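Peer 1:
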Amino acid sequence: MDESKSSVNLVKEDLIHYGAVNPVYEGENSSKFNVKNRSGQNNGADELDRIDSSYERSEKQKLETYFNECIEIPSAENYNFSWRRLWQFTGPGFLMSIAYLDPGNIESDLQAGTIAQYHLLWVLMWSTFLGLLMQRLAARLGTVTGLHLAELCYRRYPKLPRILLWIMVEIAIIGSDMQEVIGTAIAINILTQGHVTVFYGVLITICDTFTFLFLDKYGLRKLEAFFGLLITVMATTFGYEFFRVKPSPISVGSGLLIPWCSHCQYGALMQAVGIIGAIIMPHNLYLHSALVKSRKIDRSNAAEVKDANRYVFIEAFIALGVSLLINISVTSVFAHGLYGVTNAEVNAKCSNINYPIPNGTFPNNDELVDADLFKAGIYLGCYFGLPALYIWAVGIFAAGQSSTMTGTYSGQFAMEGFLDLHWARWKRVLLTRTIAICPTLFIAYYRQQDLTGMNDLLNALMSLQLPFALLPTLTFTSSKKVMGQFKNDFTNIVVASSLSVVVISINIYFVGSFVKDNFPVTWWVILLALTFVIFYLIFVVYLVGCFLVVIGCNWLTVLPIVGKYMREEHSIEHEHLSCDDSRANSPTSRGQSPNPLA
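Residue 598 is where the sequence shown ends in full-length UniProt numbering, and the numbering goes up by one at each step.
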């Protein structure tokens with residue numbers, strides 16, 4: 001058998017394997033899709049050529065995990081709950097949860113406590129719950145199909161929308177990376193008692209992440225264990241602050257259970273909106289859908305896939321539960337300590353501390369404290385001793401490093417999925433970190449005291465990108481052609497769509513308010529904003545149209561000009577690859593280096 005026929009046969013096997021779980025290769029006329037019959041017609045040599053080229057593209061778009069290794073998940077003897085089986089699936093959810101604990105989220109937490117005391121804890125809790133629902137959809141997508149969100153976007157959307165989606169995801173990743181750079185630099189500055197300025201701390205972050213990337217060579221489970229260690233460090237350090245400060249348990253409980261903020265001002269409202277923007281991060285959906293692919297399951301067995309979905313969700317629930325407890329701890333500490341406190345009060349308390357505090361950190365005036373990551377640490381040191389200050393800095397450093405690494409993986413999956421472009425991971429880190437560091441260095445050099453003020457801008461930036469993760473996720477998980485029997489049912493579609501509308505609306509309101517409060521109202525600003533809004537809404541409407549098509553609104557596909565770009569093309573969308581496919585997944589089988597950094 002010659003090489004071309006061998007390629008065709010391999011693709012046939014992939015299609016048959018995928019169809020065993022998702023028997024949905026059907027054209028518009030409900031004709032079964034196979035290598036000889038597509039849309040009810042015999043395509044002959046053209047079909048063989050198409051399949052051969054599809055296989056070549058599949059070879060380039062091989063299944064990628066965050067390490068060239070898979071965890072073997074043996075078939076279950078029965079499908080009763082098993083702690084041992086849960087342990088086998090444990091890892092991806094905790095890596096995903098790190099995005100809920102990055103320095104941007106920590107700063108949002110402490111500002112919520114400073115501005116509104118305990119009254120926004122319920123917003124934090126329900127935002128995390130909304131995030132869990134969205135992460136569930138993303139994880140199911142990767143578990144069921146063996147493809148992550150960016151790879152499916154490559155197959156579903158035309159070139160221009162696909163590139164625009166990639167740009168939006170990259171903007172979100174770079175914005176998140178800037179927050180991580182800022183957090184890490186501030187932590188280094190605190191730990192060195194100011195000897196390493198924030199400016200040089202930013203420079204150090206260029207190098208430190210590359211060191212952590214070499215952990216890959218020790219294996220997938222050890223890498224996941226290292227991330228678990230970083231989460232443990234955050235839980236320990238921020239938990240220490242909670243038990244050291246001792247906020248009122250009754251106040252914490254009422255803040256979580258009573259969805260109301262009495263006597264809250266406009267700043268508290270904006271902080272509530274900012275919490276939602278900080279918690280639900282767009283690139284995290286792309287990340288989670290890719291991370292779950294590292295678990296090797298039998299996708300030809302629907303019962304195995306269903307069981308995997310259950311354990312993936314349980315792990316995500318536990319991981320986000322841990323992240324919620326950490327976020328609650330941070331908010332409660334500063335709700336107890338800094339709510340309603342003036343700069344003069346903290347200044348007086350800090351007069352005897354054996355630590356070099358920069359001038360102007362807490363000016364001697366009666367204005368309320370405007371908290372940020374640096375001031376929060378100084379406050380803890382002044383009131384509870386230097387150990388509290390250094391422990392806070394260690395927690396921030398762990399948050400910055402862990403989220404930087406997961407951000408790197410997000411960018412790698414996005415680039416490989418959207419563009420079919422494979423880079424060595426160190427090159428990917430260098431590109432993202434360079435783009436993130438340039439504006440951060442500028443601000444760190446000229447206005448170091450206002451560095452953490454970038455947090456609101458970055459949260460607004462990432463909030464704008466949210467529709468470009470939520471809408472594709474809804475589209476694919478609601479598609480029978482993609483998910484087969486595991487597609488969203490009517491209830492899930494209604495709930496997920498409604499929540500998406502609410503979250504997107506809240507985030508757009510947040511961005512609008514931010515622009516209004518921080519930019520002059522001039523004709524050119526208004527013109528620029530209107531131009532951006534028009535193009536932004538056009539793209540969002542297009543993505544909504546694609547979603548409506550997969551749930552049955554086929555009349556949209558006959559609209560002039562745009563209709564054909566909303567069609568769900570089964571012929572390019574579902575070239576299934578799975579982790580157990582050694583042809584597509586083993587670097588050594590293709591004579592490539594097994595080194596994940598290569």
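Glycine included, each C-beta is placed from N, C-alpha and C at the ideal position.
As the structure is a computational prediction, the values presented were derived from the model and not from experiment.
#1: What is the DSSP secondary structure of Lys296, counted as helix, strand or coil?
#2: How should Gly417 be labelled, buried or exposed, when 16 other C-beta atoms within 10 angstroms of its C-beta is the threshold for buried?
#3: When burial is assigned at 16 or more other CB atoms within 10 Å of the CB, is Lys564 buried or exposed?
#4: Arg221 lies in the alpha helix (DSSP H); which residues open and close that run?
#5: State yes or no: is the C-beta of Leu441 within less than 8 Å of the C-beta of Val196?
#6: Suppose the cutoff is 7 Å on Cβ atoms and the five residues either side in sequence are ignored; what does the same chain contact list for Gln117 look like?
#7: Excluding sequence positions up to five away, which residues of its chain have a Cβ less than 7 Å from the Cβ of Ser289?
#8: Quick one: what's got a C-beta closer than 6 Å to Gly131's C-beta in the same chain, skipping five residues either side?
#9: Please state whether DSSP places Thr331 in a helix, a strand or coil.
#10: Determine the closest residue to Thr232 out of Val503, Met566 and Val322, with distance taken between C-alpha atoms.
#11: Return the chain-ordered ranges of every alpha helix (DSSP H) run that is complete within the stretch 325-386 and spans a minimum of 4 residues.
#12: Comparing C-alpha positions only, which one of Leu386, Asp420, Gly113 and Ser108 sits nearest to Leu152?
#13: Can you tell me whether Arg156 is buried or exposed, with buried defined as 16 or more other CB within 10 angstroms of its CB?
#14: Ser497 lies in the alpha helix (DSSP H); which residues open and close that run?
#15: List the whole-angstrom C-beta distance separating Val144 from Glu241, where the pair is believed to meet the contact cut-off of C-beta under 8 Å.
#16: For a quick check, are the C-beta atoms of Pro103 and Ile396 less than 8 Å apart?
#17: Quick one: using the 10 Å Cβ neighbour count with 16 as the cut-off for buried, is Trp392 buried or exposed?
#18: Given this structure, state the Cα-to-Cα distance separating Leu269 from Trp83, to the nearest angstrom.
#19: Could you tell me the distance, in whole angstroms, from the CA atom of His283 to the CA atom of Ala348?
#20: When you compare each of Trp166, Ala424 and Met454 to Phe214 by their alpha carbons, which one comes out closest?
#21: Rounded C-beta distance between Leu556 and Val511? I'm assuming under 8 Å.
#22: In this structure, how does DSSP classify Ile71 when only helix, strand and coil are distinguished?
#23: May I ask which residues mark the beginning and end of the alpha helix (DSSP H) holding Gly277?
#24: Put Val394 into one of helix, strand or coil per three-state DSSP.
#25: Reducing DSSP to helix, strand and coil, say where Phe81 ends up.
#26: Alpha carbon to alpha carbon, how far is Tyr154 from Glu573? Give it in angstroms, no decimals.
#27: Can you look up Gln117 in the DSSP assignment and give me helix, strand or coil?
#28: Given this structure, state the Cα-to-Cα distance separating Ile206 from Ser505, to the nearest angstrom.
#29: For Leu325, which of Phe129, Ile171, Ile73 and Tyr79 has the nearest alpha-carbon?
#30: Assuming the contact rule is C-beta atoms closer than 8 Å, Glu170 and Gly411 should be a hit. Round their C-beta distance to whole Å, please.
#31: Can you name the start and end residues of the alpha helix (DSSP H) that Cys546 belongs to?
#32: Helix, strand or coil: which one does DSSP assign to Gln41?
#33: Can you list, in chain order, the residues of its chain whose CB lies under 6 Å from that of Phe374, leaving out five sequence neighbours each side?
#34: Can you tell me whether DSSP reads Glu151 as helix, strand or coil?
#35: With distances taken Cα to Cα, identify the nearest neighbour of Gln265 among Lys296, Ser248 and Thr114.
#36: Tell me whether the beta-carbon of Tyr383 lies closer than 8 Å to the beta-carbon of Gln193.
Peer 2: With the structure as the only source:
#1: Secondary structure of Lys296 (DSSP, three-state): strand.
#2: buried
#3: Per the 10 Å Cβ criterion, exposed.
#4: Leu220 to Val245
#5: Contact flag unset, no.
#6: Ala335 and Tyr339
#7: Ala138, Ala139, Leu141, Gly142, His148 and Leu149
#8: Ile279 and Ile280
#9: In the structure shown, the three-state DSSP call for Thr331 is helix.
#10: Cα-wise, what sits closest to Thr232 is Val322.
#11: 343-349 and 373-384
#12: Asp420
#13: buried
#14: Phe490 to Asn518
#15: That belief does not hold up - the Cβ atoms of Val144 and Glu241 are roughly 41 Å apart, past 8 Å.
#16: yes
#17: buried
#18: Going from the Cα of Leu269 to the Cα of Trp83 covers about 42 Å.
#19: 43 Å
#20: Ala424
#21: Not a contact, Cβ separation roughly 28 Å.
#22: strand
#23: Tyr266 to Ile279
#24: helix
#25: coil
#26: Because Glu573 carries a pLDDT of 42, less than 50, the predicted location of this residue cannot be relied on, and no value is offered for it.
#27: coil
#28: 36 Å
#29: Closest option to Leu325, Cα to Cα, is Phe129.
#30: Rounded, the Cβ-Cβ distance is 7 Å, consistent with contact.
#31: Trp523 to Val550
#32: Confidence at Gln41 is low in this model, with a pLDDT of 41, below 50, so its placement is unreliable and the value that follows should be read with caution. Note: Gln41 maps to strand in three-state DSSP.
#33: Ile186
#34: Secondary structure of Glu151 (DSSP, three-state): helix.
#35: Thr114
#36: no
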